[in-house]
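S.K.: Heads up, the sequence shown is in this note's numbering, so the first residue is 2 and it goes up one at a time.
C-beta atoms are modelled at their ideal positions from N, C-alpha and C, and glycine is treated no differently.
Model, not experiment: these values are computed from the prediction.
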Amino acid sequence: MSTNEDTIEELKKIVKQKGLKYTEQREIVLKILMNADGHLSAEEVYNEIKTKHPESNVGIATVYRALGFLEEVNLITSITFGADGKKYESNQKEHHDHLICTSCGKIVEFLDDEIEKRQDRIAKKNKFKITSHSMQLYGTCGDCQD
Numbered sequence: 002m003s004t005n006e007d008t009i010e011e012l013k014k015i016v017k018q019k020g021l022k023y024t025e026q027r028e029i030v031l032k033i034l035m036n037a038d039g040h041l042s043a044e045e046v047y048n049e050i051k052t053k054h055p056e057s058n059v060g061i062a063t064v065y066r067a068l069g070f071l072e073e074v075n076l077i078t079s080i081t082f083g084a085d086g087k088k089y090e091s092n093q094k095e096h097h098d099h100l101i102c103t104s105c106g107k108i109v110e111f112l113d114d115e116i117e118k119r120q121d122r123i124a125k126k127n128k129f130k131i132t133s134h135s136m137q138l139y140g141t142c143g144d145c146q147d
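(1) Check the C-beta distance from A43 over to L68 and give it rounded, since I have them as a contact under 8 Å.
(2) Excluding sequence positions up to five away, which residues of its chain have a Cβ less than 7 Å from the Cβ of S91?
(3) For the alpha helix (DSSP H) that F129 lies in, which residues bound it at each end?
(4) Determine the burial state of R119: buried for a count of at least 16 other Cβ atoms within 10 Å of its Cβ, exposed for fewer.
(5) Near A124, what residues of its chain come up, given a Cβ to Cβ distance below 8 Å and the 5 sequence neighbours on each side ignored?
(6) Here's the rule I'm using: 16 or more other beta-carbon atoms within 10 Å means buried, otherwise exposed. How should V109 be labelled?
(7) Alpha carbon to alpha carbon, what distance is there between E56 and E25?
(8) In terms of residues, what are the limits of the beta strand (DSSP E) holding Y65?
(9) Does DSSP classify T103 as helix, strand or coil?
(10) From S135 to C142, what does the alpha carbon distance come to, in whole angstroms?
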């Protein structure tokens, strides 16, 4: 797991390798996600920027472009919510999987060693080398079942 500074340096390196100009807007979007407690939509990222960086003058279109770029270069990941769009998180966290409520959108992060071991056994049995994976389980949370 890297520090925020390491991740910002990684962003600078990627931008340079791609021959792009380094923008403060991408850095701000990345920092918002690195410091977020949960998963944020593009609109929530935009609202955080307006609150915490009002001087930056970052528009919603810029937020969407920055999120797309950061996801493309694997600094963030997203979970798709059908009509509700995507929610984003930083890739800095340790690996985890997600339980997602299809009713209210609540996301619960979890890690289960048995599931991880079983995935490895299945991959090995099929002569498959896992390079990454994402598990998302959809259903309704306890609050929405009442």
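M.R.: Quick look at the numbers:
(1) Here residue 43 corresponds to residue number 42 of the sequence shown, with the count starting at 1. Here residue 68 corresponds to residue number 67 of the sequence shown, with the count starting at 1. Cβ-Cβ separation between A43 and L68: approximately 6 Å, consistent with a contact (criterion under 8 Å).
(2) In the sequence shown, counting from the first residue as 1, residue 91 sits at position 90. These residues qualify, in order along the chain: L34, M35, I77.
(3) Along the sequence shown, read from residue 1 onward, the residue named residue 129 stands at position 128. Here F129 belongs to no alpha helix (DSSP H), and DSSP marks it neither H nor E.
(4) Here residue 119 refers to the residue found at position 118 of the sequence shown. When all chains shown are included, R119 counts as exposed.
(5) Counting from 1 along the sequence shown, the entry for residue 124 is found at position 123. Correct list, in chain order: K130, I131.
(6) By one-based count along the sequence shown, residue 109 stands at place 108. If you draw a 10 Å sphere on the C-beta of V109, you find fewer than 16 other C-beta atoms in it, and that means exposed.
(7) What you label residue 25 is simply residue 24 of the sequence shown in a count that begins at 1. What you label residue 56 is simply residue 55 of the sequence shown in a count that begins at 1. A direct Cα-Cα distance of roughly 12 Å separates E25 from E56.
(8) For the purposes of this step, residue 65 is taken as residue 64 along the sequence shown, with counting starting at 1. It is not in any beta strand (DSSP E) - Y65 instead sits in the alpha helix (DSSP H) that spans 61-73.
(9) Locating residue 103 in the sequence shown gives position 102, where the first residue counts as 1. In the structure shown, the three-state DSSP call for T103 is coil.
(10) In the sequence shown, residue 135 corresponds to position 134, counting from 1. In the sequence shown, residue 142 corresponds to position 141, counting from 1. Cα-Cα distance, rounded: 20 Å.
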